[in-house]
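Below is one structure; the comments refer to it alone.
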Amino acid sequence: MRNKKIGRIFVLSLALSLLAAVGGFPPVREEMGHVLAKDDVTTLRVCNWEEYIDLGDWDEEELIELDNGVEILGVNALYEEFEDWYYETYGKRVQVEYSCFGTNEDLYNQLTLGDTYDLVCPSDYMIMKLMAQGALEPYSEEFFDGDNEENYYRRCVSPYIAQVFAENQINGESWERYAAGYMWGVTGVLYNPELMTREEASTWAVFDNPDFYRQITLKDNVRDTYFSTLGYLLQDRLMDSAFVNDPDYSRKLGEMMNDVSPETIQAVEELLAGIMGNIYALETDSGKADMVTGKIIANYQWSGDAVFAMDQAEEDGVYLEFAVPRECTNLWFDGWVMLRDGIGGDPDKKQAAEAFVNFLSRPENAVRNMYYIGYTSAISGGEDDTVFSYLNWCYGAEEEGEEQDQAVAYPVGYFFSGNSEDEDYVVYTRPEQVGRQLYSQYPSQEIISRAAVMRYFDEEETHNINQMWINIRCLDVREIPLWCVLLILCILAALAASVILHKKNHYYG
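If you're matching positions, the sequence shown starts at 21 in this note's numbering and goes up one per residue.
Put into structure tokens, the structure is as follows:
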């Protein structure tokens with residue numbers, strides 16, 4: 021069993037911030053008999069999601085010993101270890117100023133208000149938005165040189181992720197030119213199999229199922245909830261065999277699940293208004309705990325958080341599963357992008373930023389991040405089998421005994437080699453894992469084939485979909501009957517008169 025280190029507080033980040041606030045960092049350590057001046061050091065300002073990188077400090081018993089002979093133990097924070105690796109590799113000093121953000125919107129607001137970073141890690145649609153606004157610095161040609169042994173991202177990124185980044189564009193430019201994948205996954209339904217069948221959970225219609233009245237939660241953000249409701253709205257078309265077998269299925273699926281025309285938004289709003297009466301609540305992060313405690317029996321969930329919830333539930337003796345709706349799913353990812361204003365044309369900063377991405381893309385570091393935060397890295401390892409060995413370490417059945425006799429084959433070749441039938445990348449796992457953690461972290465080829473990326477919407481589309489969300493989450497005064505408005509005004513007038521009378525009586529004694 022894995023022992024993920026989740027829920028750490030960023031004490032080190034706070035310390036770094038305090039140091040910066042009281043006058044910056046001390047001079048870098050002595051090199052060749054003298055203290056390096058600040059001018060001898062490149063400062064790399066990195067901003068990432070909270071608890072989204074290995075901070076080290078593992079216990080000795082957490083040592084990961086893989087079948088390929090690799091041993092992994094996180095001692096220090098990866099961004100600290102990067103500083104030493106960079107000096108050993110390039111003979112230059114770099115100092116990382118590491119900070120965090122809570123949501124994509126928080127990051128964007130920070131940038132709008134003037135905060136400056138060199139390298140940040142937003143989600144898919146925010147990457148697209150920053151690309152469209154011309155805010156990103158493209159990766160250098162050297163970064164894509166596969167013959168350079170230090171270019172770990174180019175040599176180790178999953179063929180599947182690389183293809184997604186290469187084929188999708190903003191303003192005629194591929195995502196891969198500006199973004200490097202970090203973590204990825206799909207969305208679906210986390211559920212309690214004792215109270216809901218897999219068939220019931222495997223559809224976006226589950227949120228409108230009256231059998232589970234007030235027992236399911238949706239996400240409290242417009243994009244995820246819009247996607248799930250649209251999948252429910254279009255379920256007949258999405259499940260039509262002629263559509264599924266269309267040679268141009270993937271492109272058409274993407275277009276359908278990114279339809280934000282006024283007519284479609286209105287239809288989604290009307291459907292979602294009814295769903296709101298059936299669900300327990302909208303939530304951002306409480307769904308995992310509510311599933312573990314039994315407060316709810318199903319919720320909309322990202323695959324990485326679903327793994328976390330299943331692991332935590334097991335510790336409390338609760339068995340949960342994850343289902344991906346048969347209509348379609350949302351393929352999401354987070355990626356590293358360089359900010360043009362931060363890099364500012366400085367070649368040393370750009371080299372350091374690209375090196376940071378490459379350092380995190382080393383297979384052993386990708387494993388450290390996955391172990392620590394619980395999500396799935398975009399790194400497959402290329403010719404290095406460390407990531408696949410880690411996958412077997414997590415989910416592979418025992419080599420002997422009853423567990424091996426019952427083991428089932430779970431192919432993941434599409435991710436590791438680009439070939440779903442590659443026999444070198446098959447995990448022989450316990451039967452229950454097909455539908456649980458392994459299934460969540462590495463969805464099957466069948467699931468991936470019906471996954472669509474939710475794209476960035478332009479200003480007008482964003483306004484329209486946000487207005488729909490406001491209408492759903494807030495009471496629309498236009499729908500209040502006139503008699504209710506008059507009654508409320510009368511009550512307010514009576515209260516005002518009562519206050520005035522009370523003051524007069526008090527004044528005259």
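Built from N, CA and C at the ideal position, the CB exists for glycine as well. Model, not experiment: these values are computed from the prediction.
Whether Ile285 touches Ile485 by CB criterion (9 Å): In the sequence shown, counting from the first residue as 1, residue 285 sits at position 265. In the sequence shown, counting from the first residue as 1, residue 485 sits at position 465. Cβ atoms of Ile285 and Ile485: closer than 9 Å.
Gln115 versus Val140 - alpha carbon distance: Within the sequence shown, the letter at position 95 stands for residue 115. Within the sequence shown, the letter at position 120 stands for residue 140. The straight-line gap from Cα to Cα measures roughly 16 Å.
Where does Thr132 sit, in a helix, a strand or coil, going by DSSP? As a position in the sequence shown, residue 132 is number 112, starting the count at 1. Helix at Thr132.
Do you know how far the Cα of Leu250 is from the Cα of Val497? Within the sequence shown, numbered from 1, the residue matching residue 497 stands at position 477. Within the sequence shown, numbered from 1, the residue matching residue 250 stands at position 230. Here Val497 scores only 40 on pLDDT, less than 50, and its place in the model should not be relied on; the value that follows carries that caveat. Cα to Cα, the separation comes out at about 25 Å.
Have a look at Glu169 and Arg382 and give me their C-alpha separation to the nearest angstrom. By one-based count along the sequence shown, residue 169 stands at place 149. By one-based count along the sequence shown, residue 382 stands at place 362. If I take the Cα positions, the gap works out to 11 Å.
Do you know how far the Cα of Pro367 is from the Cα of Tyr159? Translated into positions along the sequence shown, residue 159 becomes position 139. Translated into positions along the sequence shown, residue 367 becomes position 347. Rounded to the nearest angstrom, the two C-alpha atoms are 11 Å apart.
From Val66 to Arg174, what distance separates their C-alpha atoms? Taking the sequence shown and counting its residues from 1, one reaches residue 66 at position 46. Taking the sequence shown and counting its residues from 1, one reaches residue 174 at position 154. If I take the Cα positions, the gap works out to 21 Å.
Buried versus exposed call for Leu515 [16 or more other C-beta atoms within 10 Å across all chains shown]: As a working mapping, residue 515 is identified with position 495 in the sequence shown. That one is exposed.
Residues near Lys12 by beta carbon distance below 7 Å, same chain, minus five either side: With the chain covering only 21 through 529, there is no way to say anything about residue 12.
Nearest to Thr132 by CA position, among Tyr118, Gln153 and Glu334, is which residue? Here residue 132 is taken as the residue at index 112 of the sequence shown, counted from 1. Among Tyr118, Gln153 and Glu334, the Cα nearest to that of Thr132 belongs to Gln153.
Given a cut-off of 9 Å on the beta-carbon distance, is the pair Phe533 and Glu374 in contact? As displayed, the chain neither begins before 21 nor continues past 529, which places residue 533 out of reach and without an answer.
Go ahead and label Val226 buried or exposed: buried means 16 or more other beta carbons lie within 10 angstroms of its beta carbon, across all protein chains shown. Here the question's residue 226 lines up with position 206 in the sequence shown. Label assigned to Val226: buried.
From Leu93 to Ile492, what does the alpha carbon distance come to, in whole angstroms? As a first step, residue 93 must be located in the sequence shown, where it is residue number 73. As a first step, residue 492 must be located in the sequence shown, where it is residue number 472. One C-alpha to the other measures close to 47 Å.
So what does Asp354 bridge to, in DSSP terms? By 1-based counting over the sequence shown, the position of residue 354 is 334. In the DSSP output, where bridge partners are listed per residue, Asp354 has Ser143 and Met203.
For Gly402 versus Cys176, is the C-beta distance shorter than 9 Å? Numbered from 1 along the sequence shown, position 382 holds the residue referred to as residue 402. Numbered from 1 along the sequence shown, position 156 holds the residue referred to as residue 176. Yes, the Cβ-Cβ distance between Gly402 and Cys176 is below 9 Å.
In angstroms with no decimal places, state the Cα-to-Cα distance between Leu380 and Trp322. Position 360 of the sequence shown, counted from the first residue, corresponds to residue 380. Position 302 of the sequence shown, counted from the first residue, corresponds to residue 322. Taking the straight line from one Cα to the other gives about 22 Å.
Cutoff 6 Å; reference Ala199; Cβ partners in own chain excluding five residues on either side: Taking the first residue of the sequence shown as position 1, residue 199 is located at position 179. Within the same chain, Ala199 has close Cβ partners Ile147, Gly355 and Val357.
Cut-off 6 Å between Cβ atoms - residues of its own chain near Val377, not counting five sequence neighbours on either side: Position 357 of the sequence shown holds residue 377. Answer for Val377: Tyr173, Ala200 and Trp356, listed in chain order.
C-beta contact flag for Tyr430 and Pro179 at 9 Å: The residue labelled residue 430 in the question sits at position 410 within the sequence shown. The residue labelled residue 179 in the question sits at position 159 within the sequence shown. Contact flag unset, no.
Per DSSP, what are the beta-bridge partners of Tyr198 in this structure? On the sequence shown, position 178 is the one that residue 198 refers to. According to DSSP, which records beta bridges pairwise, Tyr198 is partnered with nothing at all.
By Cβ distance below 8 Å, which residues in the same chain neighbour Glu91 in space, the five residues on each side in sequence not counted? One-based indexing of the sequence shown puts residue 91 at position 71. Closer than 8 Å at the Cβ level, and outside the excluded window around Glu91, lie Leu83, Ile84 and Glu85.
Determine, using beta carbons only, whether Ile393 and Met203 come nearer to each other than 9 Å. Stepping through the sequence shown from its first residue, residue 393 is reached at position 373. Stepping through the sequence shown from its first residue, residue 203 is reached at position 183. Going by C-beta atoms, Ile393 is nearer than 9 Å to Met203.
With H, G and I counted as helix, E and B as strand and the rest as coil, what does DSSP make of Phe342? Counted from its first residue, the sequence shown places residue 342 at position 322. Correct three-state label for Phe342: strand.
Skipping 5 residues on each side, what residues in its chain have a beta carbon closer than 7 Å to that of Gln461? Here residue 461 corresponds to residue number 441 of the sequence shown, with the count starting at 1. Once the five neighbours on either side are set aside, the close Cβ partners of Gln461 are Ser323, Val327 and Thr396.
Please say whether Leu156 and Thr237 have beta carbons closer to each other than 9 Å? On the sequence shown, residue 237 is found 217 positions in, with the first residue counted as 1. On the sequence shown, residue 156 is found 136 positions in, with the first residue counted as 1. No, the Cβ-Cβ distance between Thr237 and Leu156 is not below 9 Å.
Which residues share a DSSP beta bridge with Trp69? In the sequence shown, residue 69 corresponds to position 49, counting from 1. DSSP, once it has assigned bridges, lists Phe121 as partnering Trp69.
Spatially closest choice to Ile399 from Gly438, Ala372, Val428 and Glu419, by CA coordinates: Position 379 of the sequence shown, counting from 1, holds the residue named residue 399. With distances taken between Cα atoms, Ile399 lies closest to Gly438.
To the nearest angstrom, how far is it from the Cα of Ala97 to the Cα of Gly297? Counting from one through the sequence shown, the residue named residue 97 turns up at place 77. Counting from one through the sequence shown, the residue named residue 297 turns up at place 277. Roughly 45 Å separates the two Cα atoms.
Determine the extent of the alpha helix (DSSP H) in which Ile285 is found, giving its start and end residues. Taking the sequence shown and counting its residues from 1, the one referred to as residue 285 is at position 265. Segment Pro282 to Met296, the alpha helix (DSSP H) holding Ile285.
Just to confirm the assignment, what range does the beta strand (DSSP E) spanning Asn319 have? Here residue 319 is taken as the residue at index 299 of the sequence shown, counted from 1. Residues Ala318 to Trp322.
Where in the stretch 168-252 do unbroken runs of the beta strand (DSSP E), each at least 3 residues long, occur, reported from the N-terminal end onward? 200-211 and 236-239
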